[in-house]
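Colleague: I'd like to ask you about the structure that follows.
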Amino acid sequence: MAKTIDELLIGVLGAGSIGCFVGGSLQESGCPVRYFGREHVASDVRSGGLRLTSHDGQATDLAAEAVDFRTDLSGLEECNILLVCVKSPATEVTADALAGVIRPDTVVISLQNGVANTDVLKSRLPYNTVLAGMVAFNVARLEGAHFHLGTDGEIYIEDHPVARMLVDRLNAVGVSAKTSPDMKAVLWGKLLLNLNNGLNVLSDMPLRRQLLDRDYRRALALLVEETLGVLKAAGVSPAKIGKAPPGLIAPILRLPNWLFERVAASMLKIDDKARSSMRDDLDRGRKSEIAFINGAVVELAAKVNASVPVNAAIIALVEDAFAKGQSPALEGRDLLKRLQR
Numbered sequence: 001m002a003k004t005i006d007e008l009l010i011g012v013l014g015a016g017s018i019g020c021f022v023g024g025s026l027q028e029s030g031c032p033v034r035y036f037g038r039e040h041v042a043s044d045v046r047s048g049g050l051r052l053t054s055h056d057g058q059a060t061d062l063a064a065e066a067v068d069f070r071t072d073l074s075g076l077e078e079c080n081i082l083l084v085c086v087k088s089p090a091t092e093v094t095a096d097a098l099a100g101v102i103r104p105d106t107v108v109i110s111l112q113n114g115v116a117n118t119d120v121l122k123s124r125l126p127y128n129t130v131l132a133g134m135v136a137f138n139v140a141r142l143e144g145a146h147f148h149l150g151t152d153g154e155i156y157i158e159d160h161p162v163a164r165m166l167v168d169r170l171n172a173v174g175v176s177a178k179t180s181p182d183m184k185a186v187l188w189g190k191l192l193l194n195l196n197n198g199l200n201v202l203s204d205m206p207l208r209r210q211l212l213d214r215d216y217r218r219a220l221a222l223l224v225e226e227t228l229g230v231l232k233a234a235g236v237s238p239a240k241i242g243k244a245p246p247g248l249i250a251p252i253l254r255l256p257n258w259l260f261e262r263v264a265a266s267m268l269k270i271d272d273k274a275r276s277s278m279r280d281d282l283d284r285g286r287k288s289e290i291a292f293i294n295g296a297v298v299e300l301a302a303k304v305n306a307s308v309p310v311n312a313a314i315i316a317l318v319e320d321a322f323a324k325g326q327s328p329a330l331e332g333r334d335l336l337k338r339l340q341r
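Letter by letter, the sequence shown follows residues 1 to 341 in UniProt numbering.
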């Protein structure tokens with residue numbers, strides 16, 4: 001492998017909202033990047049290039065001719081680093097496809113929701129270095145190939161020389177990133193935040209408006225508390241992701257609106273139109289990641305003989321919404337009543 005990041009070709013597999021934003025940011029920093037994604041994204045890139053914007057006013061435009069975007073796996077074997085950004089339901093089939101293509105010295109980094117994707121990749125790519133990663137911010141696709149960072153947050157990557165190079169480049173262009181020696185704690189810390197994804201689907205509201213609904217926050221608090229109980233029983237200490245330690249998340253969520261808006265001001269630094277990635281999946285007819293978020297809690301609970309009725313109820317409601325292809329637009333008070341039965 002080459003010694004400097006400028007000599008390493010970075011592949012982005014699953015170049016959607018997160019993939020295009022992270023890949024575009026690395027390309028802005030001077031890294032060579034190759035994107036692998038769907039035709040509808042490729043078409044928009046060809047017609048207007050790749051545009052990245054942020055809620056803090058930053059903007060980057062990459063000309064169409066400068067963006068190497070492919071809709072098949074041709075040239076994947078040339079990549080030295082591979083960022084896996086596919087949805088969790090596609091991890092197994094993606095890993096199997098990679099096994100016959102990428103070189104054994106390619107470093108693979110998972111930037112996906114959930115806590116098990118890295119293990120899946122490792123089991124199917126035994127000759128590769130596979131690193132866990134986590135993205136703690138929200139990116140929305142606007143018109144064309146325009147990807148907008150709508151919230152604060154950081155990228156975490158398992159500590160490794162390649163990870164340190166990527167982190168340095170991301171920080172240089174204003175994308176907050178860091179390495180971590182304990183990605184298990186980081187991934188579970190992020191999952192606590194991702195517990196809101198299913199609620200956002202059920203609410204049919206933008207994230208900020210949903211978080212200002214106290215009953216929805218109280219529902220989220222129930223999920224967080226239930227999950228923390230399971231993690232404690234399993235001996236897992238989730239990392240603090242964001243401003244609040246895991247143990248304070250539920251009490252903060254239960255605060256009355258006037259106090260919540262002051263105490264959790266950073267949590268509300270969200271674009272008015274921002275929604276969860278799971279809600280976007282519903283709108284685009286994709287599979288839900290609920291089995292890899294709340295479902296991971298259910299799986300862990302089974303291992304420690306714990307009961308998680310709140311997480312199980314949310315899974316059922318979200319699966320029903322995806323089966324019907326639309327949000328039930330539940331009122332917060334109605335959802336809370338269901339969860340408190």
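Note that beta-carbon positions come from the ideal geometry of N, C-alpha and C, so glycine has one too.
1. Just tell me which of Asn197, Asp152, Arg218 has its CA closest to the CA of Gln340.
2. Answer yes or no: do Gly220 and Leu253 have a C-beta to C-beta separation smaller than 7 Å?
3. Using a threshold of 7 Å, state whether the C-beta atoms of Ser266 and Lys243 are closer than that.
4. Evaluate the contact criterion for the stretch 66 to 81 versus the stretch 279 to 294: three or more CB pairs, one atom per stretch, below 8 Å.
5. DSSP has Asp68 in a bridge; who is on the other side?
6. Tell me, which residues are paired with Ala163 by DSSP?
7. Give the straight-line distance between the Cα atoms of Thr227 and Leu195, rounded to the nearest whole angstrom.
8. From the DSSP output, in three-state form, read off residue 342 for me.
9. Taking all protein chains shown into account, do 16 or more other C-beta atoms lie within 10 angstroms of the C-beta of Leu259, making it buried, or fewer, making it exposed?
10. Closer than 6 Å: is that where the CB of Ser327 sits relative to any heavy atom of the ligand ZN?
11. Identify whether Asp215 lies in helix, strand or coil by the three-state DSSP scheme.
12. Per DSSP, what kind of secondary structure is Ile10 in: helix, strand or coil?
13. Start and end of the alpha helix (DSSP H) containing Ala59?
14. What residues in its chain sit with their C-beta under 7 Å from that of Ile18, if we drop five residues either side in the sequence?
15. Classify Pro161 as buried or exposed, calling it buried when 16 or more other Cβ atoms lie within 10 Å of its own Cβ.
16. Compare the C-alpha of Asp105 against each of Leu98, Arg333, Thr129, Lys87 and name the closest.
17. Quick check on DSSP: helix, strand or coil for Ser203?
18. Hey, Ala163 and Leu131: beta-carbon distance below 7 Å or not?
19. Considering only DSSP beta bridges, list what Ile157 is partnered with.
20. Just checking my contact of Leu50 with Cys79 at CB under 8 Å: how many whole Å lie between their CB atoms?
21. Mark Gly114 as exposed unless 16 or more other C-beta atoms lie within 10 angstroms of its C-beta, in which case mark it buried.
22. For Arg141, list the residues DSSP reports as bridge partners.
23. Along the chain, where does the beta strand (DSSP E) that runs through Val115 open and close?
24. What are the residues that DSSP puts in a beta bridge with Ile81?
25. According to DSSP, what are the bridge partners of Arg51?
26. Check this for me: beta carbons of Phe292 and Ser88, under 7 Å apart or not?
27. At the level of alpha carbons, what is the spacing between Lys303 and Lys337?
28. Check each candidate in Ala316, Glu289, Gly57 and name the one with the smallest Cα separation from Ala116.
Modeller: Straight from the coordinates:
1. Checking every option, the nearest Cα to that of Gln340 belongs to Arg218.
2. Looking at the sequence itself, residue 220 is Leu, so the reference to Gly does not match. Annotated as proximal: Leu220 and Leu253, with beta-carbon spacing under 7 Å.
3. Cβ atoms of Ser266 and Lys243: closer than 7 Å.
4. With a cut-off of 8 Å, the stretch 279 to 294 and the stretch 66 to 81 do not count as touching, because too few Cβ pairs lie within range.
5. Note: Asp68 sits in a beta bridge opposite Arg34.
6. According to DSSP, Ala163 shares a beta bridge with no other residue.
7. Distance between Thr227 and Leu195, taken at the CA atoms: about 9 Å.
8. The structure shown does not extend to residue 342, since the chain is modelled only from 1 to 341, so the question has no answer here.
9. Exposed: under 16 other Cβ atoms inside 10 Å.
10. As for the ligand ZN, it is missing from this structure, which has no ligand bound.
11. In this structure, Asp215 counts as helix in the three-state DSSP scheme.
12. Reduced to three states, the DSSP call for Ile10 is strand.
13. Element bounds for Ala59: not the alpha helix (DSSP H) but the beta strand (DSSP E), 59 to 62.
14. Within the same chain, and ignoring the five residues on either side of Ile18 in sequence, the residues whose Cβ sits closer than 7 Å to its Cβ are Cys85, Leu111, Val135, Val139.
15. Of the residues assessed, Pro161 falls on the exposed side of the cut-off, its CB having fewer than 16 other CB atoms within 10 angstroms.
16. Distance from the Cα of Asp105 is smallest, within the candidate group Leu98, Arg333, Thr129, Lys87, for Thr129.
17. Of the three classes helix, strand and coil, the one that applies to Ser203 here is helix, per DSSP.
18. Less than 7 Å separates the beta-carbon of Ala163 from that of Leu131.
19. As DSSP reads the structure, Ile157 sits in a beta bridge with Gly133, Thr179.
20. In this structure, Leu50 and Cys79 do not form a Cβ contact; the two beta carbons are roughly 18 Å apart against a cut-off of 8 Å.
21. Its Cβ being crowded by 16 or more others within 10 Å, Gly114 is buried.
22. BP columns for Arg141 point to Phe147.
23. First-last for Val115: undefined, no H or E at that position.
24. Bridge partners of Ile81: Ile10, Val107.
25. Its beta-bridge partners are Asp61, His146.
26. Yes, they are a contact pair.
27. Just so you know, the alpha carbons of Lys303 and Lys337 end up roughly 28 Å apart.
28. In this structure, Glu289 is the residue among Ala316, Glu289, Gly57 with its C-alpha nearest to the C-alpha of Ala116.
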